[in-house]
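Under my numbering, think of the first position of the sequence shown as 5, with each following residue one higher.
Glycine included, every Cβ here is placed at the ideal spot set by N, Cα and C.
Bear in mind that the values here come from a model prediction, so they are computed numbers and not experimental data.
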Amino acid sequence: MQDHVSTVNGRRDRSSRPREASSDQISLDPTPTAPNRRSKRLGKRPANAQQPKPPLSKSYRLSGAHQPGDTDKRNAEKTIDDLLKAEENQDLLLYFDKTVCNTMVIDADGVDNPFRSYILPLAYRDLGILHAVLALSSCHIVTSESNTQAKVNAAIMIEHQLSALQSLSSLLLKEELYSLADEEEDILLATVLLLVLHDVCESGISSHGVHLTGTGFICRKICQHPQALASPRTTFLLTALSWLDVLRGFSGAEKMAYTDDVRRFILETEYFSLETLVGCPVDLFYNIGGVLEAAKQFMDGSITLGPFQTALDEADLFFREWNPEESSYPTQSSDWKALAEAYRHVCIIRVLRFPDTRAIPCEDPRIQASVVSILDASASISTKSPFFKRLLFPLFIAGCESSIPHQKRYVDLCIDEIKKTTGFQHLAMTNLLDQVWDARKQQIDASINIPWMEYTCSTDLVRQHDYLFF
């Protein structure tokens, strides 16, 4: 049980050299420049790690999802060419490059953008990825009311989304029948990521959570092959999907589908994929993932309250002792540390909310101490900083845990600013905050908490949604 939430053994060894990727693997990653890397960590690979598969030929890897026949491949390439010739699609691709990519990561100086480096080149090589990119760009233009030359037709946007889903279905079927080549695995993961982000952009509720769940076994299989650590593209895709899995686990631990093996893989990777993506240090991600996994086991009866409480106590100690000054970051900007501090207190609050989410009122000094720390960290980052938009989830948690008017007002103002700068309107998040705040106003017994999770995964709900505040 303790393995799930145990403190990370050892800090990053700053003197060790990064791993070297094979020449064949490097050729698969479309970016010509090396991404930001962290020093190797101390630690062992999972005990169930297997030997790598025999390497496939480069020509087969680059063939995409249309390998089975040359005719199919030529038709797919022709279709891609036809789509690329359309002026409106060129505008959408340019919009993805110049606008969408910047909103998806902390696009700071000296930090590589993985969406631009890895996702965009795949759109020129795979039909499903191209459709998914065009659909996401169209959705972002509509929701952000962007002043752009790109024209959006709602019906065509839906067609792109459906075509991406069909491509994903074909890849999943091929995986089940024959298994996929390395590049095809990346294409599958990238397609799922883009489809889920489309849902996040549209409403904040993912109807494609089933695909996020469905890729869990593929992610675990990839993590069992040590050579995957050498690919920055693969590690980025695994990181992004694993983060989304943990994120939905905050609203309901039973929803988590990715195993500890996958989170351990991300902990051991040398690239700053998670930090660049959301700003959360990977140590915090790994340990809170273990907490949520333990909660899932407690809820399904796999463990009793005693071991679960022990795990919570150990996790609480880890998060309180974790020092952002001792962590490594992609660049020297102090905003990384402020963002890390905000995520640290998000983790502390989530631990405090177990095993009974109603037991501690939000006015409790332990809760309020972390709320204030999140708000202070937010105040230390300029709204003009590329880091500010990644305060979204910490601000949401702080808002849900507050009944103080000036705190709620500050959270509102900050989230509104993030909506403006990213173009993501986060309708589901706004609705959740309103529901929690309205319920507190009508609350008779102030000693009982109003948990926001009740509005996302309560047994009273007909449908359990995946709320993703990316």
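Less than 6 Å between C-beta atoms, sequence neighbours within five positions excluded: which residues of the same chain meet that for Pro285? Only Ser331 and Ala344 meet the Cβ criterion.
Does DSSP put Ser210 in a helix, a strand or coil? strand
Compare the beta carbon distance of Val375 and Ala402 with 9 Å and say whether it is the shorter of the two. yes
Grab me the residues of Cys366's own chain with a C-beta within less than 7 Å of its C-beta, minus the 5 sequence neighbours each way, in chain order. Beyond the five residues adjoining it in sequence on each side, Cys366 comes within less than 7 Å, by CB distance, of Glu405, Ser406, Ser407 and Asn453 in the same chain, given in chain order.
Pick from Tyr128, Val104 and Leu131: whose alpha carbon is nearest that of Phe119? The option with the nearest alpha carbon to Phe119 is Val104.
Where the alpha helix (DSSP H) through Met108 begins and ends: Counting along the chain, Met108 sits inside the alpha helix (DSSP H) bounded by residues Cys105 to Met108.
Which ranges would you report for the alpha helix (DSSP H) in the region 356 to 413 if only whole runs of at least 4 residues count? Within the region 356 to 413, the complete alpha helix (DSSP H) runs of at least 4 residues fall at 369 to 383 and 396 to 404.
Just verifying my parser: in three-state terms, what is the DSSP assignment at Trp275? Note on residue identity: the sequence assigns Tyr, not Trp, to residue 275. Three-state result, Tyr275: strand.
Whole-angstrom distance between Asp449 and Ala443, CA atom to CA atom: 11 Å
To the nearest angstrom, how far is it from the Cα of Thr273 to the Cα of Gln447? 46 Å
Do Leu184 and Cys192 count as a contact pair if the criterion is CB distance below 9 Å? Inspection of the sequence shows that residue 192 is occupied by Leu rather than by Cys. In this structure, Leu184 lies closer than 9 Å to Leu192 by Cβ.
Excluding sequence positions up to five away, which residues of its chain have a Cβ less than 8 Å from the Cβ of Ile385? Asp339, Ala342, Leu343, Phe391, Phe392 and Leu395
If you draw a straight line from the C-alpha of Lys412 to the C-alpha of Ala299, how long is it? 29 Å
Is the beta carbon of Arg268 closer than 9 Å to that of Cys227? Yes, the pair counts as a contact, with Cβ atoms nearer than the cut-off.
Separation of Asp304 from Ser337, as counted between CA atoms: If you take the alpha carbons of Ser337 and Asp304, they lie about 43 Å apart.
Do you know whose CA, among Leu181, Lys178, Asp116 and Asp85, lies nearest Leu134's CA? Asp85
Could you name the residues of the same chain whose beta carbon sits closer than 8 Å to that of Leu60, not counting the 5 residues immediately before and after it, in chain order? For Leu60, the predicted structure reports a pLDDT of 32, less than 50, and the residue's modelled location is therefore unreliable. The matter cannot be settled from this model.
Counting pairs of beta carbons, one from the region 348 to 364 and one from the region 408 to 428, are three or more of them closer than 8 Å? no
Quick check on Gln429: does DSSP put it in helix, strand or coil? Gln429: coil per DSSP, three-state reduction.
Hey, Leu216 and Asp249: beta-carbon distance below 9 Å or not? yes
Rounded to the nearest angstrom, what separates Lys388 and Leu201 at their Cα positions? 23 Å
Would you mind reading off the limits of the alpha helix (DSSP H) that contains Ala319? Leu309 to Glu325
For Ile371, collect the residues of the same chain with a Cβ closer than 7 Å to its Cβ; drop the 5 residues on either side in sequence, then sort them by chain order. Ile353, Leu356, Ile364 and Glu405
Taking buried to mean at least 16 other C-beta atoms within 10 Å of its own C-beta, is Val214 buried or exposed? exposed
Hey, Glu92 and Lys155: beta-carbon distance below 9 Å or not? In this structure, Lys155 lies closer than 9 Å to Glu92 by Cβ.
Cβ-based burial, Ser173 [other Cβ within 10 Å; buried from 16]: Ser173 comes out exposed.
Under a three-way DSSP split, which group does Thr335 fall into? coil
I'd like to know whether the C-beta atoms of Pro334 and Val115 end up nearer to each other than 9 Å. yes
Any idea if Tyr459 is buried or exposed, counting beta-carbon neighbours within 10 angstroms, 16 or more meaning buried? buried
Do we get a CB-CB distance below 9 Å when we pair Met433 with the residues of chain D? No chain D appears in this structure, which consists of one protein chain only.
Can you tell me where the alpha helix (DSSP H) with Lys300 in it begins and where it stops? Counting along the chain, the alpha helix (DSSP H) containing Lys300 begins and ends at Val286 to Met303.
My output table needs one value for Tyr128: the three-state DSSP class, helix, strand or coil. Looking at Tyr128 - three-state DSSP - the assignment turns out to be coil, as it is neither helix nor strand.
DSSP state of Ile454, grouped into three classes? coil
May I have the straight-line CA-CA distance separating Gln313 from Glu189, to the nearest angstrom? 38 Å
Kindly list the residues whose CB is nearer than 6 Å to the CB of Leu161, restricted to its own chain and excluding five residues on each side of it in sequence; keep chain order. In the sequence as displayed, the identity of residue 161 is Met instead of Leu. Excluding residues within five positions, the ones whose Cβ falls inside 6 Å are Ala139 and Ser142.
What residue range is occupied by the uninterrupted alpha helix (DSSP H) comprising Asn93? Glu91 to Tyr99 is the span of the alpha helix (DSSP H), which, as asked, contains Asn93.
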